[in-house]
Amino acid sequence: MKNHIQKGDVITAAAPAGGIGAGEGAIIGNIFGVAAYVAAVGEPVELATTGIYQLPKATAAVLTVGARVSWDNTAKNINVPGTGRFPVGIATEAAGNGITSVAVRLDGVATVAA
């Protein structure tokens, strides 16, 4: 198709306030993604919007395999769905209290705060 731009599993956007590190999650507009590399605020950065990534988790959150998860953009971590958190995917492993990261399958859909 001559109107096809890209697959969409990786998009390029301007890095958010404070910049972003490689492998960090970010919400830019209504898109959640994981940065491919370090970028200063406003610089172009590639964000993966689908796939499975090990992401920081709220220490007290208890997640089961298949649990819906959300991104807390203030704490910069995965948590259970809740007010002000953005749905991003599902946990692909169990992660209990005290665990600080979790594998998450990103949905690749635009986010809306719960």
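Under our numbering, the sequence shown is numbered contiguously, ending at residue 217. Backbone N, C-alpha and C define an ideal beta-carbon position, used for all residues, glycine too.
Locate the beta strand (DSSP E) running through residue i, then write down its first and last residues.
i	result
R188	Taken as a continuous stretch (DSSP letters only), R188 belongs to no beta strand (DSSP E), as it is neither H nor E.
T115	113-117
G126	Unbroken run through G126: none, as it is neither H nor E.
A206	204-209
Leaving out five residues on either side along the sequence, give the residues of the same chain with a beta carbon under 6 Å from the beta carbon of residue i.
i	result
G136	L150, A151, T152
How many Å lie between residue i and residue j at the Cα?
i	j	result
T162	A194	15 Å
D112	G154	8 Å
V168	F189	19 Å
T115	G185	28 Å
G199	G187	22 Å
S204	I134	21 Å
Less than 8 Å between C-beta atoms, sequence neighbours within five positions excluded: which residues of the same chain meet that for residue i?
i	result
E146	A117, A118, G122
K179	E127, G128, P159
Is the beta carbon of residue i sitting closer than 9 Å to the one on residue j?
i	j	result
L166	A143	no
Y140	V148	yes
A164	N182	yes
A120	A138	no
W174	I130	yes
Once you ignore the five residues that flank residue i on each side, which residues in its own chain have a CB closer than 7 Å to its CB?
i	result
G192	V172, V207, R208, L209, D210
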